[in-house]
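The opening position of the sequence shown corresponds to residue 18 in the numbering used here, with each subsequent residue numbered one higher.
Glycine included, C-beta positions come from ideal geometry on N, C-alpha and C.
A quick write-up on the structure given underneath.
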Amino acid sequence: MVAFQVLTLEQIWDDCLKLAKKIDESKFSPDILICISRGGLVVGRFLSDMLRLSMLRVIGVEFYKGINTRAKQPRITQDLIENVAKKRVLVIDDVADTGASLAFIKEYLLRKKPVALKTATLHYKPKSAIKPDFYVLETTDWLVYPWEYFEFSYTYVQEELERGKTLQEILANLEENLLPNKVLEKVKEEMEN
18 MVAFQVLTLE
28 QIWDDCLKLA
38 KKIDESKFSP
48 DILICISRGG
58 LVVGRFLSDM
68 LRLSMLRVIG
78 VEFYKGINTR
88 AKQPRITQDL
98 IENVAKKRVL
108 VIDDVADTGA
118 SLAFIKEYLL
128 RKKPVALKTA
138 TLHYKPKSAI
148 KPDFYVLETT
158 DWLVYPWEYF
168 EFSYTYVQEE
178 LERGKTLQEI
188 LANLEENLLP
198 NKVLEKVKEE
208 MEN
């Protein structure tokens, strides 16, 4: 069984405040925030508010070419409409886990000649290929963010069912780990259909 830590929106808000403070104290003043879709979307929006910077853009990257089929090279799925040349850029994601997406986007954007580029994540895992310039917490835990409760729970249930666990056992474990009942009810409904 995979051990995981379920994060609440309040924890995310608190971590975003800490991250914004680190960025402010560094004296790095970005012209534009670029969040990596999908994990960086909420974090990017919170930081945009906290840093009082409305220039917030999204870039999408994906490693998958099919169900559970990972491509060797990532691809941009949503490109920037904004020219970042001669701008100070802050790239935002929720976590630097493998670091592959963050490293890929950083290299991609550096080719567009920003005057400066820094990276920020809430969480950093030591195995990551890249260490963010700004992060709040270093951890090895499996983190479950509020914006992925359903996706995580659904996948977890499928995997545990394949291991021979009953749906009731699995849902009880998820509930013990503080996943919201509304999410678990939706997962149960999906599994029973």
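Three or more beta-carbon pairs separated by less than 8 Å are not found between the stretch 21-34 and the stretch 86-106, which leaves the two stretches without contact. Ranked by Cα distance from A20, the first of F63, Y162 and D158 is D158. For T136 against L119, the beta-carbon gap comes to about 6 Å, under 8 Å, which counts as contact. Looking at N210, L50 and F63, the one whose alpha-carbon comes closest to that of M72 is L50.
Judged by DSSP secondary structure, L127 falls within the alpha helix (DSSP H) whose first and last residues are A117 to L127. In terms of Cα proximity to E209, the closest of E192, T183, F151 and V23 is T183.
In this structure, R105 and D48 form a Cβ contact; the two beta carbons are roughly 5 Å apart against a cut-off of 8 Å. The closest CA to that of P149, considering only T25, Y125 and I40, is found on I40. Residue state for P131 is assigned as coil, using DSSP reduced to three classes. In the displayed model, F80 falls within a strand according to three-state DSSP. The beta carbon of E192 sits closer than 8 Å to those of N198 and L201, all from its chain and outside the five residues before and after it, given in chain order. E206 and L188 have their C-alpha atoms spaced approximately 12 Å apart. About 5 Å separates the beta carbons of V204 and S170, which is inside the 8 Å limit, making them a contact pair.
Per DSSP, A189 is one residue of the alpha helix (DSSP H) stretching across L184 to E193.
Distances from the alpha-carbon of L195 to those of T156, Y162 and A117 put Y162 closest. Per DSSP, D48 lies in no alpha helix (DSSP H) segment and is marked neither H nor E. Looking at P143, R62 and I147, the one whose alpha-carbon comes closest to that of L154 is P143. DSSP lists T138 as the bridge partner or partners of Y152. With a cutoff of 7 Å on beta-carbon distance, R62 and E99 are scored as not near each other.
Cβ neighbours of Y141 within its own chain (closer than 6 Å, five residues either side excluded): A113, P149, Y152 and E155.
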